[in-house]
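Novice: Heads up, the sequence shown is in my numbering, so the first residue is 50 and it goes up one at a time. C-beta: ideal position from N, C-alpha, C; glycine also. No experiment lies behind these values; they were computed from the predicted model shown.
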Amino acid sequence: MRHVVVVPFRDEWKRTYEKEAGRLSHTLHPLITAVHHIGGTAVPGMAAQPTIDLLAEVGDLNEVDKKNEAMAKIGYRAFGEHGIRGRRYFCKTDAEDNHLAHVHIFSAGSEEVIRHLAFRDYLASHEEDADFYGRLKLELAAQFPYDIESYRIGKNAAAEKIENLALQWWYSE
């Protein structure tokens with residue numbers, strides 16, 4: 050069973066993202082049009098699970114499926130859409146099955162891309178909401194240290210509310 054860990058923000062996350070983004074860009078060349086750092090590790094000062102989330106935009110999502118073997122060579126396991134239509138999802142783990150990095154690949158400019166970027170940018174510019182969300186994740190990780198599903202369920206309502214605020218904010222800017 051996977052251990053749920055949430056830690057205070059770490060400056061090293063940006064460097065880890067940059068390293069993984071370089072590997073990803075090289076591996077998915079020439080399909081990739083952009084790579085973004087998303088998720089909790091992309092929000093300065095916010096507590097998060099220490100897993101780097103990368104969002105890649107591509108011109109042709111179907112071509113990504115041909116890169117599964119190349120992604121495996123750099124440590125990523127392919128999971129297909131993995132619950133989100135129009136996505137390709139990859140996960141990199143260590144020997145103990147701790148998640149080190151997730152790659153979410155979408156068609157360039159899709160609504161999913163906007164949703165993820167709005168969420169990240171909103172939290173980065175709304176410190177009070179980022180603090181609340183980080184504290185919630187810390188509390189849930191303490192409450193459900195070996196139950197990732199209960200952890201996710203516990204934060205879903207807050208995440209949905211923040212996402213709605215983020216999209217309103219994104220489109221009003």
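Could you tell me which of A105, S159, R164 and G129 sits nearest to T76, measuring between CA atoms?
Specialist: A105
Novice: Would you grab the beta carbon distance between Y182 and L189 for me? Rounded to a whole angstrom, and I think it's under 8 Å.
Specialist: In fact, because the Cβ distance is near 11 Å, the residues do not count as touching under 8 Å.
Novice: List the DSSP bridge partners of R137.
Specialist: I154
Novice: I need the boundaries of the alpha helix (DSSP H) containing T65, first residue and last residue.
Specialist: Counting along the chain, the alpha helix (DSSP H) containing T65 begins and ends at E61 to L77.
Novice: I'd like the span of the beta strand (DSSP E) that includes G102, first residue to last.
Specialist: A small correction: the amino acid at residue 102 is Asp; Gly does not occupy that position in the sequence shown. From DSSP, the beta strand (DSSP E) with D102 extends over I101 to V107.
Novice: Quick one, which of E145, H86 and P93 has its alpha-carbon nearest D180's?
Specialist: P93
Novice: Does the count of Cβ pairs from the stretch 210-217 and the stretch 150-168 closer than 8 Å reach three?
Specialist: yes
Novice: Quick check on the DSSP output: the alpha helix (DSSP H) that includes I87 runs from which residue to which?
Specialist: Per DSSP, I87 belongs to no alpha helix (DSSP H); it is in the beta strand (DSSP E), I81 to I87.
Novice: In or out: V54 buried (at least 16 other Cβ within 10 Å) or exposed?
Specialist: exposed
Novice: Any idea what DSSP makes of Y171, helix, strand or coil?
Specialist: helix
Novice: Report all residues from its chain with a CB closer than 6 Å to the CB of A167; omit the five preceding and five following residues, and keep chain order.
Specialist: Cβ neighbours of A167 within its own chain (closer than 6 Å, five residues either side excluded): A215, L216 and W219.
Novice: Check for me: the beta strand (DSSP E) holding Y125 runs from which residue to which?
Specialist: Following the DSSP letters along the chain, one finds Y125 inside the beta strand (DSSP E) bounded by residues Y125 to A127.
Novice: Could you tell me the alpha carbon to alpha carbon distance between L73 and R64, rounded to whole angstroms?
Specialist: 14 Å
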